[in-house]
């Protein structure tokens, strides 16, 4: 039985459906039919503007962020698709915290829906630090269909891993 490391938290019936698609070699076509486009956000500056637009639309009163960037050091072995961090520095006797949002570089090549899902997820952490009910409710408010996109993103990561194994 194929281990679906990105889908382990999902019900067995969903995992079995994905396994059947893998066996029939249908995973790639499912994803390309559902998510045929690639986004145009390719630089850190563009990603900052993209995240700022979403924040302005949904989280005007949330703390702002200082930096947004694609990070090629984020990888899936650390289970991080994106990160939100607060870096504290002493400046002139004062402690300043700079908030950063980092998105794994692999999402430069992803569908726009997946990039938006990751950015929404990281922005939601500006208001809710834990992955609790309020956090996911906020994600769903900012991006209707968030849960389906998160599932499909995990299917995409599964497919991407399979492509890497076939290339060996």
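In the UniProt record's numbering, the protein residues as written are 1 to 168. C-beta: ideal position from N, C-alpha, C; glycine also.
Using CA coordinates, which residue listed in 106, 4, 42, 123 is at the minimum distance from residue 61?
-> As a first step, residue 61 is located in the chain shown; it is residue number 61 there, counting from the start. For residue 61, the nearest C-alpha among the options comes from 123.
Residue 144 to residue 164, Cα distance in whole Å?
-> The count along the chain shown starts at 1 and reaches residue 144 at position 144. The count along the chain shown starts at 1 and reaches residue 164 at position 164. Roughly 31 Å between the two C-alpha positions.
For residue 257, write down the residues that DSSP places opposite it in a beta bridge.
-> Only positions 1 to 168 of the chain appear in this structure, which leaves residue 257 out of reach.
Count the other C-beta atoms from every protein chain shown that fall within 10 angstroms of the C-beta of residue 154, then say buried if there are 16 or more, exposed otherwise.
-> In the chain shown, residue 154 corresponds to position 154, counting from 1. Buried, since its Cβ has 16 or more Cβ neighbours within 10 Å.
Whether residue 65 touches residue 99 by CB criterion (9 Å) | Here residue 65 refers to the residue found at position 65 when the chain shown is read from its first residue. Here residue 99 refers to the residue found at position 99 when the chain shown is read from its first residue. In contact: residue 65 and residue 99 (Cβ atoms closer than 9 Å).
DSSP on residue 164, reduced to helix/strand/coil?
-> Indexing the chain shown from 1 puts residue 164 at position 164. Helix, per DSSP.
Could you give the residue range of the alpha helix (DSSP H) that holds residue 122?
-> Taking the chain shown and counting its residues from 1, one reaches residue 122 at position 122. That run of the alpha helix (DSSP H) goes 112-124.
In terms of residues, what are the limits of the alpha helix (DSSP H) holding residue 28?
-> Along the chain shown, read from residue 1 onward, the residue named residue 28 stands at position 28. Where residue 28 is concerned, the enclosing alpha helix (DSSP H) stretches over 27-34.
DSSP three-state call for residue 78: helix, strand or coil?
-> Locating residue 78 in the chain shown gives position 78, counting from the first residue. Residue confidence for residue 78 is low, a pLDDT of 47 falling below 50, so the modelled location carries little weight and cannot support an answer.
Residue 20 - containing alpha helix (DSSP H), residue span | Stepping through the chain shown from its first residue, residue 20 is reached at position 20. First-last of the alpha helix (DSSP H) with residue 20: 12-23.
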